[in-house]
Amino acid sequence: MSDQSPPGSPEPGSVGSSGPGDRPEPADPAADSPVRPDGATTASDPPGFTAPGGPTAPVPGQPAYPWDPAAPGHVFPPTGGFPPGAGPYAGFAPGYPPYGGHLPYGWPGPGGWDPDDPLVNPPHAGVNGWFARCAGAVRRGWRLLLPLLFLTQVLPGLVVSLVSLALAPGGEEPLPADGSLPDGFLGDLAVFGSAVFLVSLLFSLVQCVGWAGGTWVVTRQAAGEPVDLGGAFRYGVRRALGLWGWQLLVSLLVVVGVCFVVLPGIYLAFALALAGPVYLFEWQNPIGRSFRFFHDRLGLVLGRVGLVALALLAGGMIGFVLETVATAPFGADPLGTPASAAVVVAVTVVSSVLTLPVQLIQLVGLVATYAEQRAQEGPVNAARLAAELG
Numbered sequence: 205m206s207d208q209s210p211p212g213s214p215e216p217g218s219v220g221s222s223g224p225g226d227r228p229e230p231a232d233p234a235a236d237s238p239v240r241p242d243g244a245t246t247a248s249d250p251p252g253f254t255a256p257g258g259p260t261a262p263v264p265g266q267p268a269y270p271w272d273p274a275a276p277g278h279v280f281p282p283t284g285g286f287p288p289g290a291g292p293y294a295g296f297a298p299g300y301p302p303y304g305g306h307l308p309y310g311w312p313g314p315g316g317w318d319p320d321d322p323l324v325n326p327p328h329a330g331v332n333g334w335f336a337r338c339a340g341a342v343r344r345g346w347r348l349l350l351p352l353l354f355l356t357q358v359l360p361g362l363v364v365s366l367v368s369l370a371l372a373p374g375g376e377e378p379l380p381a382d383g384s385l386p387d388g389f390l391g392d393l394a395v396f397g398s399a400v401f402l403v404s405l406l407f408s409l410v411q412c413v414g415w416a417g418g419t420w421v422v423t424r425q426a427a428g429e430p431v432d433l434g435g436a437f438r439y440g441v442r443r444a445l446g447l448w449g450w451q452l453l454v455s456l457l458v459v460v461g462v463c464f465v466v467l468p469g470i471y472l473a474f475a476l477a478l479a480g481p482v483y484l485f486e487w488q489n490p491i492g493r494s495f496r497f498f499h500d501r502l503g504l505v506l507g508r509v510g511l512v513a514l515a516l517l518a519g520g521m522i523g524f525v526l527e528t529v530a531t532a533p534f535g536a537d538p539l540g541t542p543a544s545a546a547v548v549v550a551v552t553v554v555s556s557v558l559t560l561p562v563q564l565i566q567l568v569g570l571v572a573t574y575a576e577q578r579a580q581e582g583p584v585n586a587a588r589l590a591a592e593l594g
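Those letters in the sequence shown? Residues 205 to 594, per the working numbering, in order.
Structure representation (structure tokens):
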């Protein structure tokens with residue numbers, strides 16, 4: 205046996221030897237002292253070690269850089285690139301964090317909802333915030349939205365009204381005294397119904413061009429992106445066919461609901477009011493998503509859609525009263541003479557033009573309502589919605 209230490213074993217008292225409790229014995233009494241308030245390191249620290257919040261220790265061979273004592277210190281454990289005290293940004297689906305700590309274009313920044321977003325009404329902002337965003341959308345986009353809606357909503361509606369006036373049966377001849385139908389009435393009624401249905405079906409596709417293009421204008425303007433009338437038409441044409449198919453299905457459901465004592469139809473009209481925006485922004489499952497919005501936040505959606513419905517009802521009543529009063533002096537056949545026909549056509553044109561503000565309210569109100577519902581599910585902003593439109 206040898207009284208020498210085994211090879212590689214440190215001498216007692218040297219750095220790296222173990223003391224009581226397997227703690228390293230310091231080479232000098234100052235090595236076991238706590239970190240000083242100024243962040244300086246101790247003798248037992250490895251070269252280049254810096255205490256959290258302290259100045260950066262110079263590494264041998266590297267120049268020393270000045271340190272600002274007022275600068276915020278580092279946080280341990282690391283936060284993955286996020287500010288001290290903040291976790292990952294809200295709004296990401298589980299398992300899909302932002303790459304490298306950076307947010308994709310259009311996603312809201314740290315802290316969630318932006319209370320000043322021009323389109324998205326954040327939770328708890330109330331109906332005043334919704335009204336403010338609707339008014340802002342009208343103020344920003346009326347110069348583009350009015351001609352767009354006139355060409356795609358008012359003119360098709362005017363054509364349908366004129367076709368209805370021209371083909372309406374039973375206006376020329378009074379009903380027989382026995383109450384029987386005039387000869388050929390059922391045939392004329394079938395022609396009238398078929399013509400109005402086909403014309404309405406065709407022009408509803410044109411109207412979908414306007415709804416899609418108007419949604420594009422409202423959303424991109426809120427995101428600060430450039431818009432023009434030609435771009436709105438191009439986007440509307442690109443998305444109109446799919447939107448048209450879903451709108452036909454929604455209309456069929458509402459009509460079937462009306463046949464069942466009216467109330468189911470009213471319920472379906474409110475529950476499916478957001479199907480169009482859902483399709484344009486999310487590209488799929490518009491009926492299911494619209495139902496979910498309606499049932500998850502019944503009071504909120506019912507209130508917003510109810511306000512839009514009141515505007516539509518008021519506009520429709522104004523047009524109906526105007527046409528009734530103007531055509532009443534001409535009796536059962538307002539198109540019987542050239543003079544009366546000219547007056548009736550002029551009144552129909554005026555009443556159709558008066559629906560333009562109502563069309564604008566409907567478009568803006570439903571888009572703002574959809575954006576608000578998205579905010580209820582998680583942070584979202586106008587830039588992200590604009591990116592989702594495609």
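Even glycine gets a Cβ: it sits at the ideal position worked out from N, Cα and C.
query: In this structure, does DSSP put PHE534 in helix, strand or coil?
result: If DSSP states are grouped into helix, strand and coil, PHE534 belongs with the helices.
- request: Using three-state DSSP, classify HIS499 as helix, strand or coil.
  value: Three-state DSSP puts HIS499 in a helix.
query: In chain order, what residues of the same chain lie with their CB nearer than 6 Å to the CB of ASP272, ignoring the 5 residues before and after it?
result: With a pLDDT of only 46 at ASP272, under the threshold of 50, the placement of this residue in the model should not be trusted, and no figure is reported.
- request: Just the C-alpha distance for THR531 and LEU406, rounded to the nearest angstrom, thanks.
  value: Roughly 28 Å separates the two Cα atoms.
Cutoff 7 Å; reference VAL562; Cβ partners in own chain excluding five residues on either side: ALA515, LEU516, GLY519
Through-space distance from THR419 to ARG443, alpha-carbon basis: 11 Å
- request: State yes or no: is the C-beta of ALA590 within less than 8 Å of the C-beta of GLU486?
  value: no
- prompt: What residue from GLY391, VAL505, CYS412, PRO542 has the CA that sits closest to ALA572's CA?
  reply: VAL505
- prompt: Which residue's Cα is closest to the Cα of ALA587: ARG424, PRO326, VAL568, ALA370?
  reply: ARG424
- prompt: In chain order, what residues of the same chain lie with their CB nearer than 6 Å to the CB of ALA426, ignoring the 5 residues before and after it?
  reply: PRO322, LEU323, ALA586
Residues near VAL367 in its chain [Cβ-Cβ closer than 7 Å; skip 5 each side]: ALA399, VAL400, VAL403
message: Tell me which residues share the same chain as LEU393 and place their Cβ nearer than 7 Å to its Cβ, disregarding the 5 neighbours each side in the sequence.
response: PRO373
field: Cβ neighbours of LEU484 in the same chain (closer than 7 Å, five flanking residues each side left out)
entry: ALA416, THR419, ARG443, LEU447, LEU593
message: Using 8 Å as the threshold, is the C-beta distance between VAL421 and VAL431 below it?
response: yes
query: Excluding five sequence neighbours on each side, which residues of the same chain lie with their C-beta closer than 8 Å to the C-beta of ALA579?
result: Result list for ALA579: TRP317, VAL324, ASN325, PRO326, PRO327, in chain order.
query: Hey, GLY361 and THR559: beta-carbon distance below 8 Å or not?
result: yes
field: Residue from THR552, LEU567, TYR574, GLU581 whose Cα sits closest to the Cα of LEU348
entry: LEU567
- prompt: When the Cα atoms are used, what is the spatial distance from SER384 to PHE437?
  reply: If you draw a straight line from the Cα of SER384 to the Cα of PHE437, it comes to about 50 Å.
Where the alpha helix (DSSP H) through PRO542 begins and ends: 542–557
- request: Using a threshold of 8 Å, state whether the C-beta atoms of ALA473 and SER494 are closer than that.
  value: no
- prompt: The alpha helix (DSSP H) with GLN411 in it runs from where to where?
  reply: 389–426
task: Could you say which of VAL553, VAL551, PHE464, PRO538 lies nearest to LEU371 if we only look at CA atoms?
output: PRO538
Within 8 Å, strictly: CB atoms of GLY414 and LEU352: The Cβ atoms of GLY414 and LEU352 sit closer than 8 Å to each other.
- prompt: With respect to the alpha helix (DSSP H) encompassing SER455, which residues constitute its N-terminal and C-terminal limits?
  reply: Boundaries of the alpha helix (DSSP H) harbouring SER455: 433–463, taken from the DSSP string.
- request: Run the CB neighbour count on PRO319, radius 10 Å, all protein chains shown included, and call it buried at 16 or more, exposed below.
  value: Taking all protein chains in view, the Cβ of PRO319 is surrounded by fewer than 16 other Cβ atoms within 10 Å, so the residue is classified as exposed.
field: Reduced DSSP category for GLU581 - H, G, I as helix; E, B as strand; rest coil
entry: helix
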